[in-house]
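One structure is given below, encoded as structure tokens.
Number of protein chains: 2
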Amino acid sequence: MKVLAVDLGGSHVACALVEDDSIVKSESFQLPPAARMSDVLALVEQPLLALREMASHSGAECSGLAFSFCGLVNPLAGRIVSTNGKYDDGRELDLGKWALERLSLRLLLENDARTALLGEYYAGAARGFDDVVMMTLGTGVGGAAMINGRLLHGKHFQAGCLGGHLGVNYRGRVCTCGNVGCLESEASTWALPAICTATPGFEESVLRHAPKLDFQTVFAASAEGDECAIRVGDTCVEAWAAGCVTMIHAYDPEVVVVGGGTMRAAEQILPALGAHISRCAWTPWGKVKVRAAKLGSAASLLGAVPLFRMNSQMDARK
Amino acid sequence: MKVLAVDLGGSHVACALVEDDSIVKSESFQLPPAARMSDVLALVEQPLLALREMASHSGAECSGLAFSFCGLVNPLAGRIVSTNGKYDDGRELDLGKWALERLSLRLLLENDARTALLGEYYAGAARGFDDVVMMTLGTGVGGAAMINGRLLHGKHFQAGCLGGHLGVNYRGRVCTCGNVGCLESEASTWALPAICTATPGFEESVLRHAPKLDFQTVFAASAEGDECAIRVGDTCVEAWAAGCVTMIHAYDPEVVVVGGGTMRAAEQILPALGAHISRCAWTPWGKVKVRAAKLGSAASLLGAVPLFRMNSQMDARK
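For the protein sequence lines, the chains are A and B, in the order given. Numbering-wise (the numbering used here), the first sequence opens with residue 23 and increments by one. Numbering-wise (the numbering used here), the second sequence opens with residue 23 and increments by one.
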């Protein structure tokens, strides 16, 4: 099966032609901070037409366009539900209509953590498992859950994909979502400056003079023995592990896949994360597998084909 | 539809004859702390036979026996999976075989928080909703989730029903389950003595001389202006609210039903709980309803008929 895929994140958009479990061709564009959804659509239209053209030259036509979005969506209606401040005009746009009119393709819209899970399930770290939790560590923290081979959606399509907003500290920091002590306000790249400055030893730490406070910087300093960086790293791994345990207790998976840009430091994260989960998760049936995502930034794009496959199974059941 | 129901909790067992949404007759027995499952079965056999007899005298036979258990179960196999230290011999017993041989009835086994949710769904506070989260506040904290009219089970049947073991404080107290800062180690009756003694003002508080530290005592002292009791009450409500928000973010329900013995102080719990949830839950679609359970200790017994109804629907679909 061939499909087109769009993966729209907070600061970039990727377009691809995907055939089964491989990306035939992809392009990625940086977006200005104030980009609107209408700007994004204008930007991707020509590249997508070129990719569709490429597909039909090599034989079979594309079956559709899988659109991964970094916010809450209603996949049944093909509408964006909540954007948390990004691409706000997207809620008024009919993306399905746009794809039919401009690309002559049927569009399936899905949350990007869910398509990333689908990608890892189909072609990555969760291959062979039907009960999967995915956690993505990046600017924020994302989540998705699959039970018995089906993505969990819930009544308003937000089940499973608020992994970053599971509370891990009810006396913690206020989150952008309005809650207190969310996983993402306790341990994510956007919260990192506040976390570092509040950590003992910051005044004497190399972190104080870092041009950019991200987890690569923190784990590099931690490897050099910087005490503040070690504390920050340990605390964040602890918070992520607590979030994973909550997701395990909530969704009962066989495997937890951890991805996102922060996992570039997987060597410093995964062993401690796995040990904490193994110690703290209550799973009388055995041990949950904890794995690093395999597909990196291609995960959501590679979720495109399974998204269409599952959708046509659902159509067939009607 | 008429069924028999057994509800086995940590310290008591109830037997009932249930017809649709009413309990025709029920009996409850206190259990000794070291009661084994074999003792429980020996105790309930005669009362259940009498109830079955009563049913057939009044016309229709019972369709089966719904058995609610206070631990993890495998409802498909009809086996107890994990007991957390109570009725440990239950894992080796074939309850289905016992019910067929001794009562000539088909047995359906389910976790007691799930049957309590089913009861409230069928005849109580969640009537009319298909997306429901239940939280029971008692000796421990229980949970259950229904999505689109179906109980959530997960791969190993523990999804949804570890509500008390969702982490709310990753730097909190160690829980009996091995995790840190579970909702139930932060705010439940079994954790209450530790919570009270660690709260500032305990030395001067009336709680120090209370013959029994339960939430009724705490909320009574709090209503009298006892500062330590006020702090304990506020903190526990905050923790329960954080747990509810996590369950809302995880399962995306329309309504949260809060039950359990601690809700005898519902007047002091529900307004603050509802306000916190309303402030902190990220639900762009609207507001989650927060309701006190209506059925009290009868909830699990009244879950018996919907349990059999859903099961026969599933049989019909095969």
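Just so it is clear, CB atoms sit at the ideal spot from N, CA and C, and this is done for glycine as well. All values derive from a computational prediction rather than experimental measurement.
Residue 25 of chain B and residue 40 of chain B do touch by the CB rule: their CB atoms are close to 6 Å apart, below 8 Å. Take residue 199 of chain A, set aside five residues on each side of it, and the residues of its chain with a beta-carbon closer than 6 Å to its own are 187, in chain order. Under the DSSP definition of a beta bridge, residue 156 of chain B partners with B:166, B:279. Of all alpha-carbon atoms in B:46, B:36, B:58, the one lying nearest the alpha-carbon of residue 80 of chain B is that of B:46. Under the 8 Å Cβ criterion, the stretch 125 to 143 of chain A counts as touching the stretch 312 to 319 of chain A, having at least three qualifying pairs. Only residues of its own chain outside the window of five on either side were considered, and among them 279, 313, 314, 315, 316 have a CB closer than 7 Å to the CB of residue 147 of chain B, listed in chain order. Between the C-alpha atoms of residue 267 of chain A and residue 76 of chain A there is a straight-line separation of about 44 Å. Listed as beta-bridge partners of residue 51 of chain A by DSSP are A:35. For residue 268 of chain B, the C-beta contacts it makes with chain A under 7 Å involve 188, 189, 268, in order along the chain.
Rounded to the nearest whole angstrom, the C-alpha separation of residue 190 of chain B and residue 172 of chain B is 26 Å. Residue contact with chain B for residue 184 of chain A: present (Cβ-Cβ distance below 8 Å to some residue of chain B).
Looking only at B:68, B:72, B:32, B:215, the smallest Cα-Cα distance to residue 54 of chain B is reached by B:32. One finds 174, 175, 176, 177, 181 in chain A with Cβ atoms closer than 9 Å to the Cβ of residue 169 of chain B, taken in chain order. Chain-order list of chain B residues neighbouring residue 273 of chain A: 176, 181, by C-beta distance under 7 Å. Listed along chain B is no residue with a C-beta nearer than 8 Å to that of residue 37 of chain A; the closest approach is about 28 Å. Under the Cβ criterion (8 Å, minimum of three pairs), the stretch 221 to 232 of chain A does not count as touching the stretch 269 to 288 of chain A.
DSSP places residue 78 of chain A in the uninterrupted alpha helix (DSSP H) bounded by 59 to 79. Comparing C-alpha distances from residue 111 of chain B to each of B:57, B:78, B:158, B:236 shows the shortest one belongs to B:57. Counted as a single uninterrupted DSSP element, the beta strand (DSSP E) harbouring residue 29 of chain A occupies residues 24 to 30. Taking a beta-carbon distance threshold of 8 Å, residue 301 of chain A counts as an interface residue toward chain B. Taking the Cα of residue 239 of chain B as reference, the smallest distance to any Cα among B:287, B:256, B:194, B:93 is reached at B:287. Within its own chain, the residues whose Cβ lies closer than 8 Å to the Cβ of residue 120 of chain B, once the five positions on either side in sequence are excluded, are 63, 129, listed in chain order. For residue 169 of chain B, same chain residues with a beta-carbon under 7 Å away, outside a window of 5 residues either side, are 153, 273 in chain order.
Closer than 8 Å to the CB of residue 315 of chain B there is not a single CB belonging to chain A. Neighbours of residue 200 of chain B in chain A, taken as residues at a C-beta separation under 7 Å, are given in chain order as 301, 302, 304. Rounded to whole angstroms, residue 254 of chain A and residue 37 of chain A show a C-alpha spacing of 36 Å. Annotation: Cβ neighbours of residue 153 of chain A in chain B (cutoff 8 Å, chain order): 176, 177.
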